[in-house]
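Each residue of the sequence shown is one higher than the last, beginning at 59 in this note's numbering. Note that beta-carbon positions come from the ideal geometry of N, C-alpha and C, so glycine has one too. What follows is a single structure, written as structure tokens, with notes after it.
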Amino acid sequence: MNNQKLLEVQDLVIEFTTDKGKVRAVDGISFSLNNSETLGIVGESGCGKTVTALSLLKLIPSPPGKIIQGHILYQGKDIVSKSESAMRHFRGKEISMIFQEPMTSLNPVFTIGNQMIDVIRQHTHASKKEAKERAIKMLERIRIPNPERRIDEYPHQMSGGMRQRIMIAMALSCNPKILVADEPTTALDVTVQAQVMAQISELQKKFNTAVILVTHDLGVIAETCTNVLVMYCGKIVERADVSTLFESPRHPYTRGLLTSIPRIREKKLEKLPTIEGTVPDLLHLPVGCRYADRCERVRDHCRLEEPPLEKKDDKTEVACFYPY
59 MNNQKLLEVQ
69 DLVIEFTTDK
79 GKVRAVDGIS
89 FSLNNSETLG
99 IVGESGCGKT
109 VTALSLLKLI
119 PSPPGKIIQG
129 HILYQGKDIV
139 SKSESAMRHF
149 RGKEISMIFQ
159 EPMTSLNPVF
169 TIGNQMIDVI
179 RQHTHASKKE
189 AKERAIKMLE
199 RIRIPNPERR
209 IDEYPHQMSG
219 GMRQRIMIAM
229 ALSCNPKILV
239 ADEPTTALDV
249 TVQAQVMAQI
259 SELQKKFNTA
269 VILVTHDLGV
279 IAETCTNVLV
289 MYCGKIVERA
299 DVSTLFESPR
309 HPYTRGLLTS
319 IPRIREKKLE
329 KLPTIEGTVP
339 DLLHLPVGCR
349 YADRCERVRD
359 HCRLEEPPLE
369 KKDDKTEVAC
379 FYPY
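If you want it as structure tokens, here you go:
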């Protein structure tokens, strides 16, 4: 393994047991993350990006979910084999996560201060007084006004943007090596989205943290990420650095996503292009390429064999027999 790789996911397979059968939500994906890198994982709802993110902290609900194959190596040690008690010490200290909706993550009956102090004391030897001072300092860094007063307030007393910033402060309070952000701006208006992403980037540089950003928002990916994984139906279909992906996407699905983005400088308003068709049922996947029924470049070969993720040039890996 390359010593520069902070995290390495190898051939990860995650299944969920349902009343109708087993659903393979993540199907044999592999990727790595280096120190201080910002990796974007993008794709439409149900593609497996959030399940991938949760697996990095062993937060897949079991049952019904289970990692049935693969390895998640953090600094060379496999997270998959760790016990739950070991993971409780690992989460927050080595890898932290910002969830999509802060109100489901923050406990409504405890103050912000109580929750932040608990996290800090669980992973450090700080006294209660030291932990409170550290929590106030983190609130100052994320620009919460009057942090000495706000620390004694409850989640419902804060706006959505402030709650999301509290989650960032909690996630970074123990200086983790990796921050996983799952749709951190979904419920926020555009102005607050920009503020939250700017603060994540600022704190990332300050603490030298690697970030995995899970989103469907390609604009956020373009502004913040170094490298990008595009997922479709549980698979990685394209991997590239961010400038290459936006300038010359190779996979038809990636190109479809990018052409669906409205552009403010267009001279006349026209109907936006869309990707025709629907995502295949994960219980009844097609034999060949999972994108075949929606692809404008499809040929007979695509329906008979699943394309592997292969290097097509120096900057891009694509799972397509006939890429652009």
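I'd like to confirm the pairing. Which residues does DSSP put opposite residue i in its beta bridges?
i    : result
A298 : V286, T374
E73  : R82, K124
Q68  : H129
T96  : V269
K63  : N92
I258 : BP columns for I258 are empty, so no partner.
E368 : V376
Would you mind giving the Cβ-Cβ distance between residue i and residue j, rounded to the nearest angstrom? I have them listed as a contact below 8 Å.
i    : j    : result
E221 : L164 : One detail in the question is off: residue 221 reads as Arg in this sequence, not Glu. Confirmed, about 6 Å.
V286 : I279 : 6 Å
T65  : L112 : The question names Thr, but residue 65 in the sequence shown is Leu. Going by Cβ atoms, the distance from L65 to L112 rounds to 14 Å, so no, they are not a contact pair.
D275 : K373 : That belief does not hold up - the Cβ atoms of D275 and K373 are roughly 23 Å apart, past 8 Å.
Suppose you measure from the CA of residue i to the CA of residue j; what does that come to, to the nearest Å?
i    : j    : result
T108 : V81  : 15 Å
N60  : S90  : Interpretation of N60 is limited by its pLDDT of 43, a score under 50 that renders its predicted location unreliable; the figure taken from the coordinates is listed afterwards. Taking the straight line from one Cα to the other gives about 10 Å.
I153 : C232 : 10 Å
E363 : L343 : 12 Å
C347 : P365 : 6 Å
H129 : E206 : 43 Å
K140 : E354 : 44 Å
L316 : L70  : 27 Å
D85  : E198 : 42 Å
L261 : R361 : 46 Å
L303 : R297 : 8 Å
H181 : P338 : 43 Å
K263 : T284 : 13 Å
T282 : E305 : 16 Å
I72  : K151 : 25 Å
P203 : L237 : 24 Å
E102 : G277 : 14 Å
T169 : R208 : 9 Å
Alpha helix (DSSP H) containing residue i: first to last residue?
i    : result
R208 : 205-208
Y311 : 310-317
R361 : 358-362
In the DSSP assignment, the beta strand (DSSP E) including residue i goes from what residue to what residue?
i    : result
T273 : 268-273
Minimum length 4: unbroken alpha helix (DSSP H) runs contained in the segment 193-254: 205-208, 218-230
Complete runs of the beta strand (DSSP E) confined to the segment 100-184 [at least 3 residues]: 123-132, 153-156
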